[in-house]
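Here this note's numbering is used: the first residue of the sequence shown is 18, the next is one more, and so on.
Beta carbons: idealized from backbone N, C-alpha and C, even for Gly.
Bear in mind the structure is a predicted one, so any value in this text is a computation, not a measurement.
What follows is one structure encoded as structure tokens, with my remarks underneath.
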Amino acid sequence: MAGPRDLLLVSSDFTHYGDAFGYVPFHEDIPMALERLDAGAILKILAGDAPGLQEYGRETGITMCGLPACCVALGDGPPSGHEAALLDYARSGDRDGDYSLSVSYAAILMSRGQERP
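What follows is the structure, given as structure tokens:
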């Protein structure tokens, strides 16, 4: 689909946590629980594992708006020479320490790297 000079940009936030979002799967150590929940999705993306990401979404109920878009972008698996890196991760609760209503964000860069024969 995409040519060697094409850029595909996918945007999504990660977990929306709190009563206002209707998602409160845990009540203890919320910052760490959010990080663990988001890390599960992030690891699937870094691995280029669209089916695994879909399954993770079903299993956890993670409130990640762009999960379907990420799965489409990942396609059937990582291309030859696939490289991925987590550039940054943050939760809105990190700013003021209030995690009762928090949205998580991750910046992930994926590239083909050098095509391998």
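* Among the residues of its own chain, which have a CB less than 7 Å from the CB of A50, if the five just before and after it don't count? -> F43
* Where do the N-terminal and C-terminal ends of the alpha helix (DSSP H) with E72 fall, by residue? -> A67 to T77
* Classify E52 as helix, strand or coil using the three-state DSSP reduction. => helix
* Cβ-based neighbour list, A101, same chain, cut-off 6 Å, excluding 5 preceding and 5 following -> L63 and M127
* Specify the secondary structure class of K61 as computed by DSSP and reduced to three states. => helix
* Under 7 Å between C-beta atoms of T77 and Y40 -> no
* Residues of its chain near V120, where Cβ-Cβ distance is below 6 Å and the 5 sequence neighbours each way are ignored -> D30, H33 and S109
* Asked: Does the Cβ of G114 have 16 or more other Cβ atoms within 10 Å, making it buried, or fewer, making it exposed?
  -> exposed
* Cα separation between L118 and S28? -> 21 Å
* To do: Can you give me the Cβ contacts of G74 inside the same chain, cut-off strictly under 8 Å, excluding the 5 residues immediately before and after it?
  => A58, M81 and L84
* To do: Taking 7 Å as the cut-off, decide whether the C-beta atoms of A56 and C88 are in contact.
  => no
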